[in-house]
Amino acid sequence: MSVTDPIADAITKVRNAYRAKHIKVTVNHSNVVENVIKILVKENYINSYQILERDVDKKRYRKQIFINLRYTNTGETLIRGIQRISKPGRRVYVKGTNIPSVYNNIGCAIISTNRGVMVDREARKINVGGEYLCKVW
Numbered sequence: 206m207s208v209t210d211p212i213a214d215a216i217t218k219v220r221n222a223y224r225a226k227h228i229k230v231t232v233n234h235s236n237v238v239e240n241v242i243k244i245l246v247k248e249n250y251i252n253s254y255q256i257l258e259r260d261v262d263k264k265r266y267r268k269q270i271f272i273n274l275r276y277t278n279t280g281e282t283l284i285r286g287i288q289r290i291s292k293p294g295r296r297v298y299v300k301g302t303n304i305p306s307v308y309n310n311i312g313c314a315i316i317s318t319n320r321g322v323m324v325d326r327e328a329r330k331i332n333v334g335g336e337y338l339c340k341v342w
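So this is what it looks like as structure tokens:
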């Protein structure tokens, strides 16, 4: 069965893994999902990730991303919430001058621009807009 929205699928898997207190999670690979995961690593929301290539012998029929989740020393999750904004049925675009802040800049918005996928702070700095993929806090 094909996934119609791989970004929402990956976000949901990460959210559910945090709620269930898992240490690791595996999501299906796509270039945009990989870029979103890179941003989450850069913003210190997750520890690390690894690309798992397709391997029929291990019953891995698709390329996947293996993610190590990050918790505080007391065991609390670092991601309080993660929400998909732009969806396949309703795309949401923002201008470079009109990028929303997430919880008074405590969280971050992930935006897909013509210069790549980036955080809202970087997009504001270079004044470029794009598709508002998701927000993390």
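Its first residue numbered 206, the sequence shown is counted upward by one per residue in the numbering used here. The beta carbon of each residue, even a glycine, is placed where N, CA and C say it ideally should be. Keep in mind that this is a model prediction, so the values were computed, not measured.
For this session: Evaluate Lys263 with the Cβ neighbour count: other Cβ atoms within 10 Å of its Cβ, from every protein chain shown; 16 or more gives buried, anything less gives exposed.
Result: exposed
For this session: Select from Gln269, Lys247, Arg275 and Val299 the residue whose C-alpha is nearest the C-alpha of Asp214.
Result: Gln269
For this session: Please name the residue, chosen from Pro293, Arg275 and Arg295, that lies closest to Val219 on a Cα-to-Cα basis.
Result: Arg275
For this session: Would you be able to state if there are at least three C-beta pairs under 8 Å between the segment 319–331 and the segment 283–292?
Result: no
Exercise. To the nearest whole angstrom, what separates the beta carbons of Arg267 and His227, a pair I think is in contact under 8 Å?
Worked result: Contact doesn't hold; Cβ gap of about 20 Å is too wide.
Exercise. Within 10 angstroms of its Cβ, does Gly335 collect 16 or more other Cβ (buried), or is it exposed?
Worked result: buried
For this session: Entirely within the segment 304–339 and at least 4 residues each: give me those alpha helix (DSSP H) ranges in chain order.
Result: 325–331
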